[in-house]
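As structure tokens, the structure follows; a few thoughts come after it.
Protein chains in written order, with the working numbering: chain S, 1 to 452; chain B, 1 to 461.
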């Protein structure tokens, strides 16, 4: 009963951090079988018979990072085309076979990778191996359906960005923090590029990046690794590997002065994001960065919530996030003002909280709290078979080593107050900051004042 | 304190006669059920697979229980629970919960209030203590009420900055009219500002009582848990709970369109609907299957026509809402401004054909497979399973809904589904809400039905 010891040691913060590390890491650990086919496809399986389901994930090491200016959005647009049918399964067949076998499927594209996934009854696993391996090589490119899909993708862009405050701010944030690196454009791409991408460019993109050696396959659920081995041999082994071009991605130069973006919209209240460059996934400062973010804004006991939402009543919501993708990402603080409050007041309070982080160590109690929160987030993410599959896939595709997810918990638990102070000093410098504001158009500002 | 043990069961879901594959074998989690003598009903679901502990409470009162002209009262009460108790002030409560790495939330639906908290299992004693304190002894301090009003008013205003959510709120008020389901659950600015401490105390005393609440406990715990829970809730006094009477669902005749105008929108939001059913309606599962075929998922009729064939939208979905009283049948989608008329017409054409021709055997089999295939996921975690048990008790539906789910789905016939569609789908009498710039869309909408136009600002007062 190692776990009971934790309770006793809670009153002694410094001991807590050291002596409980092993317990949590072991409590969340689960076995994964991993191997590689001759063609380079990596396969990872975790057997979990708690529910009669499997979660099947095929992820590719390609994202908007691999795009070129003028073709932004091609990685995501192409993801849509993967549902448009092959020589063997029409688009309708594909969807019908998934549904009539009780499955649900979807896909996503990020800066660094693209994932396709299906959750379905474990007994129906064969069909998805057949269809997923098929669309790795046999995709059809039909000009008519691509033209229609172009409009669909543009609607998606309008929904998530052009007609969304948070989307607009997000796009502006990345384009302000990054001037050189491909993270500067949104994964969805620019509207003019979505209109311009050609059929040949799609074919080239498919040929270049969709191959077994550029992909991982993760299966979690009520199925044996032995069965997955048989299926993988049967459906994937014959697909040849191909040479993946080396990507030459420019490094983002150091930012020398504060940047500022103002977006005018017919909004009821101002919104803002403060952003800094963060670190890349797996960087030794990532752990302190995440804990720092929790101290600042996780829940009503956090520093920014207590001060800006509760005591000073300046904002209606505020949260921060350390986004750490494959290359250095961003650390951002985003908030919505309470109506009729001056935005500058909120910025002043945030600045003073950041100054405090850069000059004083967080308390031992706050650090323990942040660690508790991180462990809880880990536990919550692993309650479902699809959650486990996502965790394995994310760590494997970023680090080539799923074990990182179990090792990370100890890295979080060994972060010290000094680490957080150092991270705040290094990364949260005023001259390395971007300020993005969404402000009401003049017209609306007047009406808003008259109404109050 | 005497504890009545209601039942302790392990339900097994058995293969139905016509199905032969392993995917249909399913075992529900074991659970125990108790009742304290103050009336609090408790469900226990043990799950030692991960070191967590969670509490979920359903209080049988929601936005529908707000008095006229005090909309938002149930929401204010729920949000203020954790802001002052007999023992602690707001920030002290926040610190207690935060320090455990736990989370706590209370949210209001039309019919009920849902309060949930979870922590690592080592903190369970402390979590029970603070959770019961919050639920059984809130004090609704004046200073906290004032603060919360500002917070809620911010929320009412800023939801107008999120077009999909704002469209949902206006659609509800359009479709339900004066029926309480039409209210914005967080209230209007005028009503919220008029709420007094006495209103909150009255609401709390009337509705927050053990005999009007259900509690589910899940996670890694041992037998001592019953004693801990009993001790924590034993002092909670039962109350006389007034019964809610619902007004009639407003009649709809013909196609009624409301265009809510906002000039700077970059995309038009569309909602189409009419009256649906109560949750206890025996046709519930038939309509669920119909809804999968019509607008649930990638291969639905609406997705095939409006997204794939026409490229008009990124997403379109439909469902038959079912609540304590009548829910609404709703289609939700969005498109570019110059395609609003076409999108509405295409959608109506799909609805008309759906009602006329019904569904095919192939479509029905596929929908059944999807309903069954996704069922284990809906109750995959101990928490989602117990949340389902809470809701079934709230709606007075037997747990056989879960244990016989596959059997009940399997036995639904094609003619039953098509009869249900004919009975409950009514494309000639419905309401259409469009949230878009007036000058770019009004001419497209005029030919479709009776049209009224309003400025969006009317909905943020």
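Using N, Cα and C, we set each Cβ at its ideal position, and we do this for glycine too. Computed from a predicted model, the values in this text were never measured in an experiment.
Residue i: first and last residue of the uninterrupted beta strand (DSSP E) it sits in
i              : result
residue 54(S)  : 53-60
residue 274(B) : 268-275
residue 105(S) : 104-109
residue 277(S) : 271-277
residue 452(B) : 450-455
residue 41(B)  : 41-46
residue 120(S) : 114-121
Cβ-based neighbour list, residue i, same chain, cut-off 6 Å, excluding 5 preceding and 5 following
i              : result
residue 146(S) : none
residue 40(S)  : 212, 213, 241
residue 414(B) : 361, 364
residue 327(B) : 276, 321
residue 149(S) : 80
residue 107(B) : 114
residue 258(B) : 174, 433, 452
residue 238(B) : 38, 39, 209, 210, 211
residue 246(B) : 325
residue 372(S) : none
residue 81(B)  : 106, 134, 138
Endpoints, the alpha helix (DSSP H) within which residue i is located
i              : result
residue 163(B) : 163-176
residue 377(B) : 361-378
residue 385(S) : 385-399
residue 86(B)  : From DSSP, residue 86(B) is part of no alpha helix (DSSP H); its letter is neither H nor E.
residue 227(B) : 225-233
residue 152(B) : 142-158
residue 351(B) : 340-357
residue 416(B) : 414-424
residue 69(B)  : No alpha helix (DSSP H) holds residue 69(B); DSSP gives it neither H nor E.
Cβ neighbours of residue i in the same chain (closer than 8 Å, five flanking residues each side left out)
i              : result
residue 201(S) : 71, 74
residue 97(S)  : 89, 127, 131
residue 449(S) : Low per-residue confidence applies at residue 449(S): pLDDT is 41, beneath 50, and the placement is therefore not dependable enough to give any value.
residue 174(S) : 183, 184, 185, 186, 330
residue 100(B) : 119, 120, 123, 126, 127
residue 297(B) : 303, 370
residue 440(S) : 264, 265, 266, 267, 268, 269, 270, 448
residue 395(B) : 279, 280, 324
Cross-strand partners of residue i (DSSP beta bridge)
i              : result
residue 462(B) : The structure shown does not extend to residue 462(B), since chain B is modelled only from 1 through 461, so no value can be given for it.
residue 265(S) : 440(S)
residue 322(B) : 277(B), 326(B)
residue 256(B) : 431(B), 450(B)
residue 162(S) : Residue 162(S) is not bridged to any residue.
residue 108(B) : 113(B)
residue 336(S) : 271(S), 317(S)
residue 44(S)  : 34(S), 218(S)
residue 90(S)  : 85(S)
residue 413(S) : Its beta-bridge partners do not exist; DSSP assigns none.
residue 259(S) : 434(S)
Proximity test, residue i beta-carbon vs the ligand GDP heavy atom, cut-off 8 Å
i             : result
residue 94(B) : Ligands displayed in this structure: none; no statement on the ligand GDP is therefore possible.
Same chain only: Cβ atoms within 7 Å of residue i, ignoring 5 sequence neighbours per side
i              : result
residue 29(B)  : 45, 382, 385
residue 86(S)  : 134, 135, 138, 139, 140
residue 442(B) : 259, 453
residue 165(B) : 159
Inset, instruction - Using a Cβ-Cβ cut-off of less than 7 Å, give me the residues of the stretch 267-293 of chain B that come near chain S, in sequence order. - result: 267
Inset, instruction - Can you check the stretch 123-160 of chain S for any alpha helix (DSSP H) of at least 4 residues that lies completely inside it and give the ranges in chain order? - result: 125-137, 143-157
Inset, instruction - Can you give me, in chain order, the residues of the stretch 60-85 of chain S that have a beta carbon less than 7 Å from any beta carbon in chain B? - result: none
Legend entry - Near-chain S residues of the stretch 366-382 of chain B (beta-carbon distance less than 7 Å), N- to C-terminal order: 366, 369, 370, 372, 373, 374, 376, 377, 380, 381
Inset, instruction - Compile a chain-ordered list of the residues in the stretch 22-54 of chain S whose CB is closer than 9 Å to at least one CB of chain B. - result: 23, 24, 27, 28, 50, 51, 52, 53
Inset, instruction - Report the residues of the stretch 189-209 of chain S with a CB closer than 9 Å to any CB of chain B, ordered along the chain. - result: none
Inset, instruction - Ignoring anything shorter than 3 residues or poking outside the stretch 377-401 of chain B, list the beta strand (DSSP E) runs there in chain order. - result: none
Inset, instruction - Give, in chain order, every unbroken run of the alpha helix (DSSP H) that is at least 4 residues long and sits entirely within the stretch 190-240 of chain S. - result: 191-196, 199-209, 225-235
Inset, instruction - May I ask you to list, following chain order, the residues of the stretch 127-152 of chain B that have a beta carbon less than 7 Å from some beta carbon of chain S? - result: 147, 150, 151
Inset, instruction - Counting only runs of 3+ residues fully inside the stretch 303-330 of chain S, write out the beta strand (DSSP E) ranges in chain order. - result: 315-323
Legend entry - Residues within the stretch 42-58 of chain B neighbouring chain S, beta-carbon criterion of under 8 Å: 49, 50, 51, 52
Legend entry - Members of the stretch 190-201 of chain B near chain S, C-beta cut-off 8 Å: none
Legend entry - Near-chain B residues of the stretch 265-296 of chain S - C-beta to any C-beta below 9 Å: 265, 266, 267, 268, 269, 271
Inset, instruction - Could you run through the stretch 74-86 of chain B and flag, in chain order, every residue whose CB is less than 7 Å away from some CB of chain S? - result: none
Legend entry - chain S contacts from the stretch 104-122 of chain B (Cβ-Cβ distance under 9 Å): 104, 118, 119, 120, 121, 122
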